[in-house]
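> Numbering (our numbering), first residue to last: 967 to 1132. Okay, here's the structure, questions in a sec.
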Amino acid sequence: MSFIETRRNPDDPAAFKATFGRFATGVSIVTCHPEGEGPMGVTINSMTSVSLDPALALFCLDEGAKSLPHFLRAGHFALNILAEDQADLSNRFAGNHALGDDVPTETWDSGAPVLRSALSVADCVLLDTYGGGDHVILLGRVVRVGYREDAAPLLYYGGGYGKLAP
Ligand SMILES: Cc1cc2nc3c(=O)[nH]c(=O)nc-3n(C[C@H](O)[C@H](O)[C@H](O)COP(=O)(O)O)c2cc1C
């Protein structure tokens, strides 16, 4: 079947999701710890690196997300990229954003909680926000990065999880 035959209206949410769902991504838990509040994490796959010099990264959060004001108050975030055995964390932080003691964390430069079990981490200071339709784009200055070399990524594709083929 050609692209012509499958052309769809982008304002149809199902066609939009099916189209962009064919872009395989990783999964991240984006975390923050606003002053005087508890630490929290939200599952996202809308992150990307933006710039090398200066080091910048962004993610997009639903403008109606309960967690959004917390990220704005915190002024920082950490992008914790998940390893292939961490689908449980992805599911958990899509629903409940409280970051408890059962998920070991440490603090690097920005003040955001860094998941010790993550595959890699970009620790960021919130630089700016931009309107993006029904989402908000949060741009961060990356102030510290780290990664493991002994694990593979969790993948997200077509609304489901996957792993790299061996
Ligand atoms: C794999 C995966 C990726 C997600 N990516 C995003 C995302 O990029 N942006 C977003 O706003 N929500 C994303 N979500 C949904 C959020 O995790 C969360 O459920 C939603 O923002 C509701 O948040 P709230 O409880 O703060 O209102 C994703 C969920 C899953 C399971």
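Ideal Cβ placement from N, Cα and C applies to all residues, glycine included.
(1) Mind checking which residues open and close the alpha helix (DSSP H) that includes residue 981?
(2) Short check: CB of residue 1108 to CB of residue 1040, under 8 Å?
(3) Mind checking whether the beta-carbon of residue 986 lies closer than 7 Å to any heavy atom of ligand 1?
(4) Kindly indicate the opening and closing residues of the beta strand (DSSP E) around residue 1079.
(5) Using DSSP with H/G/I as helix, E/B as strand and the rest coil, what is residue 1101?
(6) Using the Cβ count rule (16 or more neighbours within 10 Å means buried), how would you classify residue 1018?
(7) So does the segment 984-993 actually touch the segment 1024-1033, counting three or more Cβ pairs closer than 8 Å?
(8) Would you check if the distance between the CB atom of residue 1047 and the CB atom of residue 1021 is smaller than 8 Å?
(9) Can you look up residue 1061 in the DSSP assignment and give me helix, strand or coil?
(10) Measuring CB atoms only, is the segment 1047-1057 touching the segment 1116-1130, in the sense that at least three cross pairs come out at less than 8 Å?
(11) Relative to the alpha-carbon of residue 1096, which residue among 1034, 1002 and 973 has its alpha-carbon at the smallest distance?
(12) Measuring from the CB of residue 1025, is there a heavy atom of ligand 1 at a distance below 7 Å?
(13) Tell me the rounded alpha-carbon separation between residue 1089 and residue 1064.
(14) State buried or exposed for residue 1076, treating a residue as buried only when at least 16 other CB atoms are found within 10 Å of its CB.
If we stick to the structure as given:
(1) Within the sequence shown, residue 981 is the residue found at index 15, counting from 1. Counting along the chain, the alpha helix (DSSP H) containing residue 981 begins and ends at 979-986.
(2) As a working note, residue 1108 is residue 142 in the sequence shown. As a working note, residue 1040 is residue 74 in the sequence shown. No. Outside cutoff.
(3) What you label residue 986 is simply residue 20 of the sequence shown in a count that begins at 1. Residue 986: no, Cβ never under 7 Å from ligand 1.
(4) As a first step, residue 1079 must be located in the sequence shown, where it is residue number 113. Its beta strand (DSSP E) spans residues 1079-1081.
(5) Start at 1 with the first residue of the sequence shown, and residue 1101 comes out as number 135. In the structure shown, residue 1101 sits in a strand (DSSP, three-state: E or B).
(6) Taking the first residue of the sequence shown as position 1, residue 1018 is located at position 52. With fewer than 16 other Cβ atoms inside 10 Å of its own Cβ, residue 1018 counts as exposed.
(7) no
(8) Numbered from its first residue, the sequence shown carries residue 1047 at position 81. Numbered from its first residue, the sequence shown carries residue 1021 at position 55. Contact: no.
(9) Position 95 of the sequence shown, counted from the first residue, corresponds to residue 1061. In the structure shown, residue 1061 sits in a helix (DSSP, three-state: H, G or I).
(10) yes
(11) The sequence position of residue 1096 within the sequence shown is 130, counting from 1. Closest by alpha carbon: 1034.
(12) By 1-based counting over the sequence shown, the position of residue 1025 is 59. Indeed, a heavy atom of ligand 1 lies less than 7 Å from the Cβ.
(13) Indexing the sequence shown from 1 puts residue 1089 at position 123. Indexing the sequence shown from 1 puts residue 1064 at position 98. Distance between residue 1089 and residue 1064, taken at the CA atoms: about 19 Å.
(14) Position 110 of the sequence shown, counting from 1, holds the residue named residue 1076. Per the 10 Å Cβ criterion, buried.
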